[in-house]
Ligand SMILES: [Ca+2]
Ligand SMILES: [Ca+2]
């Protein structure tokens, strides 16, 4: 399926390039290599025309710089394609790469057109017009530089962050199973927890279990609460430091799961509580904290929970709240 999407998207690029007749078989066998070969050939062709038509106008240095730049952007597009093919970036991100590439190509075409116009004006000895065209050419070359820089910065950020697959493996690696520690019957007694699976129980004598954890600004909290098979009417709530409910689903029946995902903005963060406060029987709390600002590390989430309690007075603990 993914190959087909790349092939289809690749075909669109190729249509943009004017390569309407193209072997579908080749595209499907190695889509990224095919896109790379075709975009490289197409850009080289355009640079060659520029060199022949506008070498004198643009100067050799500028032509060589453009040549290097277009090699780079074709290579970046191939990398983007491979990242998508390997499930490391989303389809939207792959499309964005293609849009940027197409924009670059259109600007190269425009540059060739402007160079041609400048040559004509020169032959006609209309020097005012030559100067006007040259200023347009200058601007166009600058635009190409900007597009190329943006593309490279985008690639850098796509390659720098942990891939979806990598995040999954981190998630699995962090799943240690621990048991609750009593007493944990109030905010003050709240058991400190971090990413992982926790097992606890409410009974006739033990009516409440409090858990405490710390979230960094910009992090994402994923919480799954699973009621044991012989549990009854268990209730869980997620509360902020001030004790306000951020999430409070209906009673969880035996064997059922309640899930939430909370995205904190860059100003939120601090101490939060998961509280199991009603019902009876065993349960499982599966907490996974993603550090979305920690691109590249991905493994920091668990460790940071154990850091000393550090809250600035007056800071807000509200975040954007979202559910699956
Ligand atoms: Ca308990
Ligand atoms: Ca308890």
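Residue numbers (this note's numbering): 1 to 324. C-beta atoms are modelled at their ideal positions from N, C-alpha and C, and glycine is treated no differently.
Continuous alpha helix (DSSP H) stretch holding residue i: start and end
| i | result |
| --- | --- |
| residue 241 | First-last for residue 241: undefined, no H or E at that position. |
| residue 214 | That residue, residue 214, is in no alpha helix (DSSP H); its beta strand (DSSP E) goes 209–215. |
| residue 69 | 60–85 |
| residue 145 | 127–160 |
Short Cβ contact (8 Å threshold) for residue i with residue j
| i | j | result |
| --- | --- | --- |
| residue 246 | residue 223 | no |
| residue 281 | residue 202 | yes |
| residue 230 | residue 254 | yes |
| residue 273 | residue 207 | no |
| residue 200 | residue 285 | yes |
| residue 251 | residue 235 | yes |
| residue 101 | residue 39 | yes |
| residue 373 | residue 70 | There is no way to answer for residue 373, as the model of the chain reaches only from 1 to 324. |
| residue 195 | residue 289 | yes |
| residue 111 | residue 43 | no |
| residue 103 | residue 147 | yes |
| residue 219 | residue 287 | no |
| residue 176 | residue 210 | no |
| residue 88 | residue 32 | no |
| residue 121 | residue 133 | yes |
| residue 259 | residue 217 | no |
| residue 221 | residue 261 | yes |
| residue 66 | residue 144 | yes |
| residue 278 | residue 233 | yes |
Exposed unless 16 or more other CB atoms sit within 10 angstroms - verdict on residue i
| i | result |
| --- | --- |
| residue 293 | Confidence at residue 293 is low in this model, with a pLDDT of 40, below 50, so the placement of that residue is unreliable and no value is reported for it. |
| residue 150 | exposed |
| residue 74 | buried |
| residue 23 | Because residue 23 carries a pLDDT of 38, less than 50, the predicted location of this residue cannot be relied on, and the following value inherits that uncertainty. By the neighbour-count rule (16 or more Cβ atoms within 10 Å), residue 23 is not buried but exposed. |
| residue 48 | exposed |
| residue 18 | In this prediction, residue 18 has a pLDDT of 35, which is less than 50 and means its spatial position is unreliable; what the coordinates show is noted afterwards. By the 10 Å Cβ count, residue 18 comes out exposed. |
| residue 142 | exposed |
| residue 94 | buried |
| residue 339 | What is shown of the chain runs 1 to 324, which leaves residue 339 out entirely. |
| residue 76 | buried |
| residue 160 | exposed |
| residue 118 | buried |
| residue 184 | buried |
| residue 283 | buried |
| residue 91 | exposed |
| residue 257 | exposed |
| residue 56 | exposed |
| residue 46 | buried |
| residue 276 | buried |
| residue 227 | buried |
| residue 60 | exposed |
| residue 296 | Note on residue 296: pLDDT 41, under 50, position unreliable in the model; the coordinate value appears next. Exposed is the call here. |
Boundaries (first-last residue) of the beta strand (DSSP E) holding residue i
| i | result |
| --- | --- |
| residue 222 | 220–227 |
| residue 258 | 257–263 |
| residue 90 | Segment: none, residue 90 is in no beta strand (DSSP E) and carries neither H nor E. |
| residue 201 | 196–202 |
| residue 250 | Looking at the DSSP string, residue 250 is not in any beta strand (DSSP E), and its letter there is neither H nor E. |
According to DSSP, residues forming a beta bridge with residue i
| i | result |
| --- | --- |
| residue 270 | 215 |
| residue 276 | 209 and 236 |
| residue 177 | 197 |
| residue 44 | BP columns for residue 44 are empty, so no partner. |
| residue 192 | 212 |
| residue 283 | 200 and 227 |
| residue 289 | 221 |
Minimum Cβ-Cβ distance from residue i to chain C less than 8 Å
| i | result |
| --- | --- |
| residue 255 | Among the chains of the structure shown, chain C does not appear; only one protein chain is present. |
Cβ distance (whole Å) where residue i is taken to contact residue j below 8 Å
| i | j | result |
| --- | --- | --- |
| residue 241 | residue 270 | 6 Å |
| residue 115 | residue 54 | 3 Å |
Closer than 7 Å: residue i CB and nearest ligand 3 heavy atom
| i | result |
| --- | --- |
| residue 184 | No copy of ligand 3 appears in this structure; the ligands present are ligand 1 and ligand 2. |
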